[in-house]
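One structure is given here, and the rest of the page talks about it.
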Amino acid sequence: GIDTGDTSWILVSTALVLFMNIPGLALFYAGLVRGKNVLSVLMHCFVLTATMTVLWLVCGYSLAFSTTGMVEGTVNLKSFVGSLDLAMLNGVDGSTTEGTIPKLLHFAFQMTFFIITPALMVGAFVERMKFS
1390 GIDTGDTSWI
1400 LVSTALVLFM
1410 NIPGLALFYA
1420 GLVRGKNVLS
1430 VLMHCFVLTA
1440 TMTVLWLVCG
1450 YSLAFSTTGM
1460 VEGTVNLKSF
1470 VGSLDLAMLN
1480 GVDGSTTEGT
1490 IPKLLHFAFQ
1500 MTFFIITPAL
1510 MVGAFVERMK
1520 FS
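Just so you know, the working numbering puts 1512 at position 123 of the sequence shown, and the rest follows in order with no gaps.
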């Protein structure tokens, strides 16, 4: 069943990780660049957040967490890459669980890491690339 303590902890953690990216990482990188590039850096971070959220919804979560085709004791491609059975959150609602938390919360928590990972790379091309 769903544990309220676990759920509230993961909910707070999800918010904290999301705030690491928007506004945390965006403002951090904006502070490292010259004034003329601040808007470009902020747009990189915001657009990246929106793009990665849609990508996670469409296929990322399913490829990462679908267990269809996995066989216990056997290593095959399905052991590493899931299927598209959970694409667009197919079959996932508020009543399904991942351990002791709702599966939708698990989706959101994992999505925050999916968002921040490529956002860390923005610092590599800051002031080298123009957002337009």
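Heads up, the beta-carbon is just placed ideally off N, CA and C, and yes, glycines get one too.
- Going by DSSP, G1394 is part of the alpha helix (DSSP H) stretching over 1393–1408.
- With respect to V1481, K1467 sits apart: the two C-beta atoms are not nearer than 8 Å.
- Within a 10 Å sphere around the beta-carbon of I1391 sit fewer than 16 other beta-carbons, which makes this residue exposed.
- In the displayed model, T1440 falls within a helix according to three-state DSSP.
- Closest in alpha carbon position to L1431, among T1489, Y1418, V1443, S1397, is Y1418.
- Here E1516 has V1422, N1426 as same chain residues with Cβ atoms under 6 Å from its own Cβ, once five neighbours each way along the sequence are excluded.
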